[in-house]
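In terms of this note's numbering, the sequence shown opens at residue 2 and continues consecutively.
Glycine is no exception: its CB is placed at the ideal position from the N, C-alpha and C atoms.
Treat the numbers as computed from the prediction; the structure is a model and nothing was measured.
Report on the structure given below.
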Amino acid sequence: MKCSGEKSHVVRLAGGVALLAAVAAAAAIALLGDRTGNGPAPGSAGSRPAGGYDLAAFRQVDPALVLYEEASQPVQTGLKTPTGLFVDAQDRVYVAGDHEVRVLDAQGALVRRVAVEDAPRTVAVAEDATAFVVSRGRVSVYGGDGKLQGHWDSPGPRTFLTSVVLHGEAVFVADYGNRVIHKYDRTGRELATIDGKAPSAKAAHFSIPSPFFDVAIDPCGQLIAANTGKHRLETFSTDGEFKGQWGRFGMDIEGFCGCCNPANFAILPDGSVVTAEKGLTRVKVYDASGKFAGVVAPPSAFKRHDDLCESNLELADRSALDVAVDSQGRVLVLDPLTAELRVFVRKINRKAP
Numbered sequence: 002m003k004c005s006g007e008k009s010h011v012v013r014l015a016g017g018v019a020l021l022a023a024v025a026a027a028a029a030i031a032l033l034g035d036r037t038g039n040g041p042a043p044g045s046a047g048s049r050p051a052g053g054y055d056l057a058a059f060r061q062v063d064p065a066l067v068l069y070e071e072a073s074q075p076v077q078t079g080l081k082t083p084t085g086l087f088v089d090a091q092d093r094v095y096v097a098g099d100h101e102v103r104v105l106d107a108q109g110a111l112v113r114r115v116a117v118e119d120a121p122r123t124v125a126v127a128e129d130a131t132a133f134v135v136s137r138g139r140v141s142v143y144g145g146d147g148k149l150q151g152h153w154d155s156p157g158p159r160t161f162l163t164s165v166v167l168h169g170e171a172v173f174v175a176d177y178g179n180r181v182i183h184k185y186d187r188t189g190r191e192l193a194t195i196d197g198k199a200p201s202a203k204a205a206h207f208s209i210p211s212p213f214f215d216v217a218i219d220p221c222g223q224l225i226a227a228n229t230g231k232h233r234l235e236t237f238s239t240d241g242e243f244k245g246q247w248g249r250f251g252m253d254i255e256g257f258c259g260c261c262n263p264a265n266f267a268i269l270p271d272g273s274v275v276t277a278e279k280g281l282t283r284v285k286v287y288d289a290s291g292k293f294a295g296v297v298a299p300p301s302a303f304k305r306h307d308d309l310c311e312s313n314l315e316l317a318d319r320s321a322l323d324v325a326v327d328s329q330g331r332v333l334v335l336d337p338l339t340a341e342l343r344v345f346v347r348k349i350n351r352k353a354p
């Protein structure tokens, strides 16, 4: 992945694609739900027309596009409600959920359990083993010994934190409630608030209809954010300067479906991006420029997950898969409904189409 002297890749919707998005958006929102207040939530009256929408065709994926295969049987996390996933530089796996963080080795065996005060949404762990545990309302810091070092002040009453990523001495925390990204130092002092919009803009830049707002750092040290309501990933400098974007709405395999996707994503060592969608449950991979490369796991891999969703629409707000990658290029997928951790590896001699 080239970094210096290279312009960020920007994809803008052409008129035809924009028209397609406008026509299809109503169907997608009705099926998958809208948290903006402008549309019905899942399970509410009017959330889908009589007969519903048939996703069968979209759940079918050409086998030639599937570049990965499952490496082993799913790992049972032992958590009732797992919510977040992180992999450190030694390929230790951290699974947040309930009121704890479970640490697994690279084979999925339990190493230890760390009890935490707040119900965690996710976690990020520094090289010195300091853990930054994100709950809905605040960040809590735990030492490598598992002891609480302190809580950071909540950004405010509307706060709904969803994701965290570390970069040097900076800590970036995505806030669905306020539609911003908070930049802190390691002591919890807020350095900046990144709203993504130009100084002259009046409306919020980040369109986040549901409580999934993910951030990551790419190999070039740039901040990547999922602007889910606009069906794209956006690149910023670590000071918040907008650099570029890619992605589009689409129920097809190359697009991002529904009201608001990708729900979560992770970045491979070469800069490729692994995305997880909700509603039409699928995990895909794009190259560093945003070009569709292939499928990690098609909807058929998540039948049990989808069956649980369809039997209880109230699960929709916590149904999104979380994804992470390790130093070997493996893709780890956390299923919050089945409470399983699944590992996918690249098929031998299988190249992107």
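Legend entry - Bridge partners - ASN313, DSSP secondary structure assignment: Its beta-bridge partners do not exist; DSSP assigns none.
Inset, instruction - Let me know the secondary structure DSSP gives PRO83 once reduced to three states. - result: For PRO83, the three-state secondary structure derived from DSSP is strand.
Inset, instruction - Count the other C-beta atoms from every protein chain shown that fall within 10 angstroms of the C-beta of ALA325, then say buried if there are 16 or more, exposed otherwise. - result: By the 10 Å Cβ count, ALA325 comes out buried.
Legend entry - For LYS348: DSSP bridge partner residues: Answer is none; LYS348 lacks a bridge partner.
Inset, instruction - Run the CB neighbour count on SER312, radius 10 Å, all protein chains shown included, and call it buried at 16 or more, exposed below. - result: exposed
Inset, instruction - Determine contact between the region 59-66 and the region 331-339, defined as no fewer than three beta-carbon pairs at a distance below 8 Å. - result: no
Legend entry - Buried or exposed by the 16-neighbour rule on C-beta atoms within 10 Å, applied to HIS306: By the neighbour-count rule (16 or more Cβ atoms within 10 Å), HIS306 is buried.
Inset, instruction - Could you check what DSSP says for GLU7 in three-state terms: helix, strand or coil? - result: Annotation note: pLDDT 46 at GLU7 (below 50); position unreliable, no value reported.
Inset, instruction - Would you tell me roughly how many angstroms separate the C-alpha atoms of ARG114 and LEU316, rounded to the nearest one? - result: 26 Å
Inset, instruction - Compare the Cα-Cα distances from SER290 to each of SER164, VAL135 and LEU269 and report the closest residue. - result: LEU269
Inset, instruction - State yes or no: is the C-beta of GLU170 within less than 9 Å of the C-beta of HIS183? - result: no
Legend entry - HIS168 and GLY222 closer than 9 Å at C-beta: yes
Inset, instruction - Taking SER208 as the reference, give the member of GLU71, CYS260 and THR131 with the closest Cα. - result: CYS260
Legend entry - Option nearest LYS148 by Cα separation, candidates PHE133, ALA264 and LEU56: PHE133
Inset, instruction - Report yes if the C-beta distance between ALA1 and HIS100 is below 9 Å; otherwise report no. - result: Residue coverage of the chain in this structure runs from 2 to 354, which leaves residue 1 outside it and unanswerable.
Inset, instruction - Starting from THR276, follow its DSSP beta bridges and name the residues at the other end. - result: PHE266 and LYS285
Inset, instruction - Kindly list the residues whose CB is nearer than 6 Å to the CB of GLY52, restricted to its own chain and excluding five residues on each side of it in sequence; keep chain order. - result: The predicted position of GLY52 is uncertain, since its pLDDT is 42 and thus under 50; a value taken from the coordinates is nonetheless stated next. Taken in chain order, the list of residues that qualify is empty.
Inset, instruction - Hey, could you find the ends of the alpha helix (DSSP H) PHE59 is sitting in? - result: Note, PHE59: alpha helix (DSSP H), 57-60.
Inset, instruction - Measure the CB-CB distance between LEU224 and ILE195 and report whether it falls below 9 Å. - result: yes
Inset, instruction - Give a yes or no on whether the C-beta atoms belonging to VAL142 and TRP153 are separated by under 9 Å. - result: Yes, Cβ-Cβ distance for VAL142 and TRP153 is below 9 Å.
Legend entry - Cβ-based burial, LYS279 [other Cβ within 10 Å; buried from 16]: buried
Inset, instruction - Name the two residues that bound the continuous beta strand (DSSP E) containing LEU335. - result: Here the beta strand (DSSP E) through LEU335 covers 332-336.
Inset, instruction - Check each candidate in ASP271, MET252 and ALA57 and name the one with the smallest Cα separation from MET2. - result: ASP271
Inset, instruction - Quick one: grab the DSSP three-state call for HIS306. - result: For HIS306, the three-state secondary structure derived from DSSP is helix.
Legend entry - Beta-bridge pairing of LYS184 - partner residues as DSSP gives them: PHE173 and ALA193
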